[in-house]
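Worksheet for the structure shown next.
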Amino acid sequence: MRLDKCPICGGKLKVRKLKCRSCGTSLEGSFISSPILNLPSSYQEFIEMFVLSSGSLKEMAKRLGVSYPTVRARLDEIISALKKECEEREKYKKEILEKVDKKEISAKEAANIIKSL
Numbered sequence: 006m007r008l009d010k011c012p013i014c015g016g017k018l019k020v021r022k023l024k025c026r027s028c029g030t031s032l033e034g035s036f037i038s039s040p041i042l043n044l045p046s047s048y049q050e051f052i053e054m055f056v057l058s059s060g061s062l063k064e065m066a067k068r069l070g071v072s073y074p075t076v077r078a079r080l081d082e083i084i085s086a087l088k089k090e091c092e093e094r095e096k097y098k099k100e101i102l103e104k105v106d107k108k109e110i111s112a113k114e115a116a117n118i119i120k121s122l
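For this note's numbering, count along the sequence shown from 1 and bump the result up by 5.
Dropping the structure here:
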């Protein structure tokens, strides 16, 4: 099941638990995922189709049954959303560094958090 927002309030969901499909090991915490995974599922599906079409907007237009400009406009919309997600990630990195300055977390903890991004 693909969830990109809370089914109750519509807010952004955050990954808090990961589980291995092979051995069942579970990890709980606060995880940062790929910015693409934070996009709405319709955008993710478009990106998947884009990649499978070898990045051809002409092929995408044919597969979707819409005009090239429509596909281009949709891609531009997704690019803008992805840039926003990336900016939020950078903002999060800065917040982590500020926590180090305030001695709320250690430099080692901050490095581990940033590496996991």
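Virtual Cβ for every residue (Gly too), placed ideally from N, Cα, C.
Reduced DSSP secondary structure (H/G/I, E/B, other) of residue 59:
Coil, per DSSP.
Assuming residue 23 and residue 32 form a contact by the criterion Cβ under 8 Å, report the distance between their Cβ atoms to the nearest whole angstrom.
The C-beta distance from residue 23 to residue 32 rounds to 5 Å, short enough to fall under 8 Å.
Run through DSSP, which three-state label would residue 88 get?
In the structure shown, residue 88 sits in a helix (DSSP, three-state: H, G or I).
Based on DSSP bridge pairs, tell me the residues matched to residue 82.
Paired residues: none, contrary to the question.
Can at least three beta-carbon pairs, one atom from the stretch 92-101 and one from the stretch 45-57, be found at a separation below 8 Å?
Not touching, per the Cβ criterion.
Would you kindly report the start and end of the unbroken beta strand (DSSP E) that includes residue 109?
Segment: none, residue 109 is in no beta strand (DSSP E) and carries neither H nor E.
Should the stretch 56-75 be regarded as contacting the stretch 100-120, the criterion being three or more beta carbon pairs within less than 8 Å?
Segment contact: the stretch 56-75 against the stretch 100-120, fewer than three CB-CB distances shorter than 8 Å; contact not assigned.
Report yes if the C-beta distance between residue 39 and residue 21 is below 9 Å; otherwise report no.
Against a cut-off of 9 Å, the Cβ pair of residue 21 and residue 39 comes out as no contact.
Put residue 27 into one of helix, strand or coil per three-state DSSP.
In this structure, residue 27 counts as coil in the three-state DSSP scheme.
When 114, 105 and 91 are compared against residue 41, the one with the closest alpha-carbon:
Of the candidates 114, 105 and 91, the one whose C-alpha sits nearest the C-alpha of residue 41 is 91.
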